[in-house]
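The structure under discussion appears below in the form of structure tokens.
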Amino acid sequence: MAKTIEEINEKIKNGKVVVLNAEEIIDYAEEKGTKKTAKEVDVVTTATFGPMCSSGAFINFGHPDPPIKMTKVWLNDVPACAGIAAVDVYIGAAELSETEGMNYGGAYVIEDLISGKPVKLRATSHGTDCYPRREIETYITKNTINQAYLFNPRNVYQNYAVATNSSNRTIYTYMGKLLPNFGNATYCSAGQLSPLLNDPYYRTIGIGTRIFLAGSQGYVSWYGTQHNPGKERLPNGIPCGPAGTLAVIGDLKEMSPEYLKACTFHGYGVTIFIGIGIPIPVIDEEMVEFLKIKDEDIYTEIFDYSVQRRNKPSYGKVNYKQLRSGKIKINGKFVQTGSISSYFKALEISNVLKEEIKNGKFYLTASVAPLPPEEKYGSLDILSKEEL
Amino acid sequence: MIKRKLVLSFPENIVTKPITYKLVKEFNLEFNILRAEITPNMEGKMLIELRGDKAQIDKSIKYLISTGVSVQEAAKDIILNKNQCIDCGVCASICITQALSLDNTSHKLKFNKDKCILCELCLDCCPVSAIKVHI
């Protein structure tokens with residue numbers, strides 16, 4: 001029998017909701033069977049905590065007197081995009097500091113704002129009749145500004161690749177430091193806990209879904225950039241590499257530095273760890289089949305990141321149980337593995353979200369529109385107008 | 389008679405040369421290899437304690453450098469800042485001796501100092517700068 005979101009929310013209200021995290025559901029479904037699990041469990045909480053470059057925040061500073069139409073803006077010497085209205089900006093997480101380079105950047109500005117630290121705002125302008133001021137330098141905190149919300153164009157990747165390095169030198173990538181001659185391999189997914197791997201065909205997660213976003217209650221605002229649902233899939237529905245993505249939105253002022261962390265990948269640049277939890281309603285038995293997925297059922301592909309091309313040579317597929325064991329075999333040789341997303345933090349977030357739902361602090365939403373089941377995933381070719 | 393603890397890094401091309409043997413033969417030093425990670429065709433690392441005459445030790449270090457070995461004082465420690473660490477485990481993939489590893493049950497990062505050879509490979513791999521060297 002199918003369960004509706006309204007029925008589940010009624011149970012949350014009455015304190016009768018049964019919630020498990022995406023790890024607990026595995027043994028539960030194994031022991032009780034699909035039918036009983038679908039009947040007894042209402043919600044499964046999934047989560048991830050990994051670096052997500054495609055993130056940033058919109059901020060409105062309020063107007064100074066005399067007012068300014070900011071055309072160039074820096075926050076702690078990190079340039080923000082000011083090509084919108086007078087005192088609105090977008091600060092991208094991966095933007096680098098003009099004075100400190102890779103040691104500081106947009107992600108650090110966002111973390112500092114969330115932590116309540118003062119941030120130096122500097123802006124210049126050409127000056128207009130309506131906005132005469134040509135420059136400003138002042139300090140802001142999250143309490144002095146008007147709106148500040150994260151609007152991340154691509155988060156929560158449904159699976160990701162494994163990176164290794166066949167060359168004879170150490171390389172520094174967004175997948176971390178890769179030692180020469182297959183010295184190590186890194187991966188980046190919460191695997192069995194990961195939101196879109198527990199709902200591989202986006203049956204419940206869609207536009208409008210309420211989520212845990214870095215400690216706040218945020219929303220899925222759109223499908224993410226590079227959303228690629230057409231990626232090759234296993235019979236269990238799992239795509240063997242980067243597939244679906246989400247664009248998410250949430251109030252920066254409600255977030256916690258516990259669940260959002262600026263970071264620097266040496267030699268690559270600044271990015272941001274974001275903690276996201278998504279509740280999946282157990283609407284029917286089919287949903288249980290997807291939710292009971294475990295690390296050994298989730299496969300991904302190993303790529304050679306020393307090849308500086310869009311398409312990199314593959315060294316075959318591995319599953320997350322093998323990756324989490326600490327070593328995998330590449331070309332017959334044992335290679336040490338490490339994750340760049342934190343399973344520990346993902347598990348913590350799945351449990352925090354579970355408690356919030358059980359305590360009636362977090363209600364589920366039905367999506368207002370589905371994520372596209374098909375989407376173009378093109379590349380950028382260098383063409384003249386005539387060749388278009 | 390003095391004691392010095394050093395970290396020796398052997399480039400790939402000299403990894404197979406009998407360099408430590410010379411330390412005994414030519415400089416009359418006693419040495420104790422505390423940890424080593426030596427694989428043919430890969431950079432090798434060794435944590436070594438030398439005992440002997442001060443002048444001889446200084447000479448032996450000059451000799452080591454002349455052969456292409458890089459020599460660092462090991463009078464330092466690798467420090468893991470637990471408050472900063474987010475337990476991702478990317479450093480565990482870099483750590484040849486597995487002094488840094490992820491615990492399978494708690495999913496937290498463990499640092500076993502006794503296994504650390506102070507090779508410092510982990511220093512620039514931590515995205516949140518939780519690993520520092522203490523001099």
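Quick mapping for you: the protein sequence lines, in order, are chains A and B. So for the first sequence, the numbering used here puts the first residue at 1; every next one is plus one. So for the second sequence, the numbering used here puts the first residue at 389; every next one is plus one. Where is the CB? At the ideal position from N, CA and C, for every residue including glycine.
Going by DSSP, G176/A is part of no alpha helix (DSSP H) but of the beta strand (DSSP E) stretching over 176 to 178.
Only those residues of the segment 179 to 205 of chain A whose C-beta falls short of 7 angstroms from the nearest C-beta of chain B are listed: L179, N181, N184, A185, T186. About 19 angstroms separates the beta carbon of M434/B from that of L488/B, a gap too long to meet the 8 angstroms contact definition. For D475/B, the number of other beta carbons within 10 angstroms of its own is at least 16, and it is reported as buried. Less than 8 angstroms divides the Cβ of F58/A from the Cβ of Y149/A. In this structure R122/A does not touch P67/A by the C-beta definition: roughly 16 angstroms separates them, more than the 8 angstroms allowed. Taking the beta carbon of I474/B as reference, the chain A residues within 9 angstroms of it are F49, K261, C263, F273, S342, F344, K345, listed in sequence order.
Bounds of the beta strand (DSSP E) holding L75/A are 72 to 75.
Any Cβ of chain B closer than 8 angstroms to the Cβ of H227/A would place that residue at the interface, and such an atom is absent.
Here G106/A has V78, I91, G92, A93, E95 as same chain residues with Cβ atoms under 6 angstroms from its own Cβ, once five neighbours each way along the sequence are excluded.
If only uninterrupted beta strand (DSSP E) runs of at least 3 residues are considered, those enclosed by the segment 39 to 93 of chain A are 43 to 51, 56 to 60, 72 to 75, 78 to 80, 88 to 92.
Contact of C513/B with chain A by beta-carbon distance below 8 angstroms involves G176, K177, H266.
A straight line joining the alpha-carbon of G206/A with that of E431/B spans about 50 angstroms. Listed in chain order, the alpha helix (DSSP H) runs fully inside the segment 128 to 209 of chain A are 195 to 198, counting runs of at least 4 residues. Close CB contacts of R169/A within its chain, under the 6 angstroms cut and outside five residues either way in sequence, are with P180 (chain order).
Within the model, the alpha-carbon separation for F290/A versus Q192/A is close to 10 angstroms. Residue contact check for Q322/A against chain B: no CB pair falls below 8 angstroms.
Under the DSSP assignment, I436/B falls in the beta strand (DSSP E) whose first and last residues are 432 to 440.
Residues of chain A with a Cβ closer than 8 angstroms to the Cβ of A518/B do not exist; the shortest Cβ-Cβ separation is about 10 angstroms. With contacts defined by Cβ atoms closer than 8 angstroms, N152/A and A243/A do not form a contacting pair. Per DSSP, the beta bridge partners of F398/B are G432/B. In the structure shown, S517/B adopts coil according to DSSP, grouped into three states.
With 16 or more other Cβ atoms from the protein chains shown falling within 10 Å of its own Cβ, M255/A counts as buried.
Going by DSSP, S481/B is part of the alpha helix (DSSP H) stretching over 478 to 482.
If you ignore the 5 residues before and after E232/A, its C-beta comes within less than 6 angstroms of the C-beta of C240, all in its own chain and listed in chain order. Using a CB distance cut-off of 8 angstroms, S339/A counts as an interface residue toward chain B. Assignment of beta strand (DSSP E) within the segment 273 to 358 of chain A, counting only whole runs of 3 or more residues, yields 299 to 304, 314 to 319, 327 to 330, 333 to 339 in chain order. Neighbours of S458/B in chain A, taken as residues whose beta carbon is under 9 angstroms from its own, are absent, since the nearest beta carbon is some 15 angstroms off. Put simply, the CB of G326/A is near chain B, with a gap under 8 angstroms to one of its CB atoms.
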